[in-house]
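Chemist: Positions 1 to 442 (the numbering used here) are the ones given, in order, by the sequence shown.
Where a beta carbon is used, it is the ideal one built from N, C-alpha and C, also for glycine.
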Amino acid sequence: MQNQGSIGPATVAELLQTMQQDRATGTLSIESEGHSCALHFLFGHLFHAVSDAGDGEGAVLSALSWSSGEYTFNPRAKLPPEETINSSTEELVMRWQRQSAAPGPDASAGRVPSPPINEAAPARPSSFESQAISAGASSEGDDGDWLDSMVGLTPAVPEEDMPDIPPFQVPAPQPRPAAALERPASPSRPSAPAAPQVRPQQAPAPSQASRPSPRPAAPPAPAPKPVAGASRSQLSILVPMPGGPSLHSGLKASFLNFPMLLKTLGQDGFSGFVSVHGEGEDRSRGHILFREGEVVQAQQRSEGNYRRGKAALQEVARTVALGHGLIDAIELPPDLVASVAALIVATTAFVNLPARIVDFEALLEYVGDQRLSGGVLVSQGEQVSVALLTDGAVKGSYSSQAPDLSDGSQVAASACSDREARIDVVAAPPQALVALDLSELG
């Protein structure tokens, strides 16, 4: 859609539907006859609206009736933390269409005029006005439930023969409690677990005659460079993600409401991963894996530290909350997500094998006989190639440089031609994937 233009009688409804179909993220601003409304979208989901007359669904319904004015769309606007809309775009448009089709006050100009007052007789709503009031009140949610019983009531005698009665008073709608508009909690950095205290055993003191002369302490040995499979309990490299259709790419963390993003992807049943990577010289990177709307695994690496699971999810959220990094959302088939998530939690069966002394085809035959599920990772410096395994069969292969999944193991096998390459075989645990609780981000 165009980022700006003029609106007609049904333009706002068409814009809302287009935003949903395009899964757009940003702010749609509309102005009409001195009135304005800002509609905030995340991946096509309308979650907040605010106008000069109020916010929430009422602001949307009012803007839908505007028949003239201008609109602008800003895809890089900073999204607010409020969430005031619970209905879908279809529900809001259908509700507006029912109101527009119902007999009642003329809304063709986008404004609902006040009903005329009969000066000669006490004001009493007719059955026609009761229906209009009931239809209008019910559009606001529970506030109109008390009027449901008024719909369809018709006087049994002509109005001129009715006795005088006090005017009918319509109670003012009650404001929505502030508790309904919850701000997502700011993510906090998880505290690191305390290291276990190990008390060294005291050796018997040597006699004065046999006590050796003191020697200067040797300098500490340099820490080995992390490689794939450096630990048998977890990998020390970031497992590369396979490629897929891009839902969104290059979203700046400083513009995004990250908890709302994760919530929206969950509601949409998203399968794939959200990637958060640093800008400029920042080489930090993290992945959050979704399978049919549930977060099933996460990994994060920065400044030589590797995290996975809940700790990785919290660190990624903390980084985004600081406004750092760019965010991509990539769609993948659910079964492929499960295979990649298994790689992240896999333990190593073979560690740091030099590629130049390994017969790669014989290695694949062996893991096939063992019916391992996991993968074979071939590391060449910063580049990692992966051959995915399911019950010993190769599901496909890809690399951090060529992320598109290819049939067979050719991508990983080709990486073994580098004499400095190292091979790790990782086996996934047999238990099913466990969804991570997004409420723990705070």
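Determine, using beta carbons only, whether A298 and V316 come nearer to each other than 8 Å.
Modeler: Counting from 1 along the sequence shown, the entry for residue 298 is found at position 298. Counting from 1 along the sequence shown, the entry for residue 316 is found at position 316. Yes, they are a contact pair.
Chemist: What number of angstroms, rounded off, separates the C-alpha of D282 from the C-alpha of L64?
Modeler: By 1-based counting over the sequence shown, the position of residue 282 is 282. By 1-based counting over the sequence shown, the position of residue 64 is 64. Straight-line Cα distance between these residues: approximately 44 Å.
Chemist: On the CB-based measure, 16 or more other CB atoms within 10 Å of its CB, does T348 come out buried or exposed?
Modeler: Taking the sequence shown and counting its residues from 1, the one referred to as residue 348 is at position 348. Answer is buried; the Cβ neighbour count reaches 16.
Chemist: So what does L92 bridge to, in DSSP terms?
Modeler: Here residue 92 refers to the residue found at position 92 of the sequence shown. BP columns for L92 are empty, so no partner.
Chemist: If you follow the beta strand (DSSP E) that R23 is in, where does it begin and where does it stop?
Modeler: Translated into the one-based positions of the sequence shown, residue 23 becomes position 23. No beta strand (DSSP E) contains R23, which DSSP labels as neither H nor E.
Chemist: Report the three-state DSSP secondary structure of A180 (helix, strand or coil).
Modeler: As a position in the sequence shown, residue 180 is number 180, starting the count at 1. Residue confidence is low: A180 scores 42 on pLDDT, short of 50, so the model does not pin down where it sits. Its coordinate-derived value is still stated next. Here A180 sits in helix by DSSP.
Chemist: Determine the DSSP secondary structure at V434, reduced to helix, strand or coil.
Modeler: Against the sequence shown, residue 434 aligns to sequence position 434. Three-state DSSP puts V434 in coil, outside helix and strand.
Chemist: With A342 as the anchor, note down where its alpha helix (DSSP H) starts and where it stops.
Modeler: As a first step, residue 342 is located in the sequence shown; it is residue number 342 there, counting from the start. Run containing A342: 334-345, per the alpha helix (DSSP H) assignment.
Chemist: Which whole-angstrom value is the C-beta distance of S32 and G69, which I expect to be below 8 Å?
Modeler: On the sequence shown, residue 32 is found 32 positions in, with the first residue counted as 1. On the sequence shown, residue 69 is found 69 positions in, with the first residue counted as 1. So it is a contact: roughly 3 Å between Cβ atoms.
Chemist: Which residue or residues does DSSP assign as beta-bridge partners of V296?
Modeler: To locate residue 296, count along the sequence shown from 1; it is residue 296. Note: V296 sits in no beta bridge, so no partner.
Chemist: From this set, M19, L388, A393, which residue's C-alpha is nearest Q369's C-alpha?
Modeler: In the sequence shown, counting from the first residue as 1, residue 369 sits at position 369. Position check: residue 369 holds Asp in this sequence, whereas Gln was assumed. Here the closest residue by C-alpha is A393.
Chemist: Give the list of continuous alpha helix (DSSP H) stretches no shorter than 4 residues that lie fully inside the stretch 367-396.
Modeler: Here no run is fully enclosed.
Chemist: Hey, I330 and G272: beta-carbon distance below 8 Å or not?
Modeler: To locate residue 330, count along the sequence shown from 1; it is residue 330. To locate residue 272, count along the sequence shown from 1; it is residue 272. The Cβ atoms of I330 and G272 sit closer than 8 Å to each other.
Chemist: Any contact of the stretch 256-264 with the stretch 72-89, i.e. 3+ C-beta pairs under 8 Å?
Modeler: yes
Chemist: Assuming the contact rule is C-beta atoms closer than 8 Å, P240 and V384 should be a hit. Round their C-beta distance to whole Å, please.
Modeler: In the sequence shown, residue 240 corresponds to position 240, counting from 1. In the sequence shown, residue 384 corresponds to position 384, counting from 1. Sure, about 5 Å apart at Cβ, within 8 Å.
Chemist: What residue range is occupied by the uninterrupted beta strand (DSSP E) comprising K252?
Modeler: By one-based count along the sequence shown, residue 252 stands at place 252. It spans 246-252 - the beta strand (DSSP E) in which K252 sits, taken as one unbroken run.
Chemist: For the structure I just gave you, are there three or more beta carbon pairs, one from the stretch 407-422 and one from the stretch 356-375, closer than 8 Å?
Modeler: yes
Chemist: Report the rounded CA-to-CA distance for Q336 versus L405, giving the unit in angstroms.
Modeler: The residue given as residue 336 occupies position 336 in the sequence shown. The residue given as residue 405 occupies position 405 in the sequence shown. Before going further, note that residue 336 is Leu rather than Gln in the sequence given. Taking the straight line joining both Cα atoms gives about 10 Å.
Chemist: Mind checking which residues open and close the alpha helix (DSSP H) that includes L64?
Modeler: As a first step, residue 64 must be located in the sequence shown, where it is residue number 64. DSSP places L64 in the uninterrupted alpha helix (DSSP H) bounded by 57-64.
Chemist: Comparing C-alpha positions only, which one of I30, T11, H40 sits nearest to A24?
Modeler: Indexing the sequence shown from 1 puts residue 24 at position 24. Checking every option, the nearest Cα to that of A24 belongs to H40.
Chemist: Can you give me the Cβ contacts of H36 inside the same chain, cut-off strictly under 8 Å, excluding the 5 residues immediately before and after it?
Modeler: Taking the sequence shown and counting its residues from 1, one reaches residue 36 at position 36. It is worth fixing the name first, because residue 36 is Ser in this sequence and not His. S29, I30, S51, D52, listed in sequence order.
Chemist: Which same chain residues, not among the five before or five after S302, have their C-beta less than 7 Å away from its C-beta?
Modeler: Within the sequence shown, numbered from 1, the residue matching residue 302 stands at position 302. So the list reads S284, once near-sequence residues are dropped.
Chemist: Which stretch, first to last residue, makes up the alpha helix (DSSP H) that contains A311?
Modeler: Position 311 of the sequence shown, counting from 1, holds the residue named residue 311. 309-321 is the extent of the alpha helix (DSSP H) around A311.
Chemist: Looking only at its chain, what residues have a beta carbon closer than 7 Å to the beta carbon of N118, apart from the 5 residues adjacent to it on each side?
Modeler: Taking the first residue of the sequence shown as position 1, residue 118 is located at position 118. Reliability fails at N118, whose pLDDT of 38 lies under 50, so the model's placement of it is uncertain and no value is given.
Chemist: Let me check understanding here. Comparing Cα to Cα, which of T11, A342, C416 lies closest to G309?
Modeler: For the purposes of this step, residue 309 is taken as the residue at position 309 of the sequence shown. Among T11, A342, C416, the Cα nearest to that of G309 is on A342.
Chemist: Would you call S149 buried or exposed, if buried means 16 or more other Cβ atoms sit within 10 Å of its Cβ?
Modeler: Taking the first residue of the sequence shown as 1, we reach residue 149 at position 149. With a pLDDT of 39 at S149, under the threshold of 50, the predicted position of this residue should be treated as unreliable, though the coordinate-derived value follows. Exposed, since its Cβ has fewer than 16 Cβ neighbours within 10 Å.
Chemist: To the nearest angstrom, how far is it from the Cα of A312 to the Cα of E91?
Modeler: Here the question's residue 312 lines up with position 312 in the sequence shown. Here the question's residue 91 lines up with position 91 in the sequence shown. In a straight line, the C-alpha of A312 is about 37 Å away from that of E91.
Chemist: Can you look up P125 in the DSSP assignment and give me helix, strand or coil?
Modeler: Indexing the sequence shown from 1 puts residue 125 at position 125. Low confidence applies to P125: its pLDDT is 44, below 50, so where it sits in the model is not reliable enough to give any reading.
Chemist: Would you identify the three-state DSSP class for I133, choosing helix, strand or coil?
Modeler: Working through the sequence shown from its first residue, we reach residue 133 at position 133. Unreliable positioning characterises I133 in this predicted model, as indicated by a pLDDT of 38, which lies under 50. The coordinate reading is nonetheless provided below. In this structure, I133 counts as helix in the three-state DSSP scheme.
Chemist: Label T72 either buried or exposed according to how many other C-beta atoms from any shown protein chain fall within 10 Å of its C-beta, with 16 as the threshold for buried.
Modeler: Looking up residue 72 in the sequence shown gives position 72. Label assigned to T72: exposed.
Chemist: Who does N305 pair with in a DSSP beta bridge?
Modeler: Locating residue 305 in the sequence shown gives position 305, counting from the first residue. DSSP lists S302 as partners of N305.
Chemist: Comparing the CB of S302 with every heavy atom of the ligand GDP, is any distance shorter than 7 Å?
Modeler: Among the components of this structure there are no ligands whatsoever, and the ligand GDP is therefore not found.
Chemist: Pop quiz: V274 and G325 are said to be a contact at Cβ under 8 Å. What is the actual Cβ separation, rounded to whole angstroms?
Modeler: Stepping through the sequence shown from its first residue, residue 274 is reached at position 274. Stepping through the sequence shown from its first residue, residue 325 is reached at position 325. Actually they do not touch by this definition, with Cβ atoms about 11 Å apart.
Chemist: If you follow the beta strand (DSSP E) that F73 is part of, which residue opens it and which one closes it?
Modeler: Residue numbering aside, residue 73 sits at position 73 when the sequence shown is read from its first letter. Counting along the chain, the beta strand (DSSP E) containing F73 begins and ends at 70-74.
Chemist: Hey, Q21 and V93: beta-carbon distance below 8 Å or not?
Modeler: Position 21 of the sequence shown holds residue 21. Position 93 of the sequence shown holds residue 93. No.
Chemist: May I ask which residues mark the beginning and end of the alpha helix (DSSP H) holding L261?
Modeler: The residue you call residue 261 lines up with position 261 of the sequence shown. From DSSP, the alpha helix (DSSP H) with L261 extends over 258-267.
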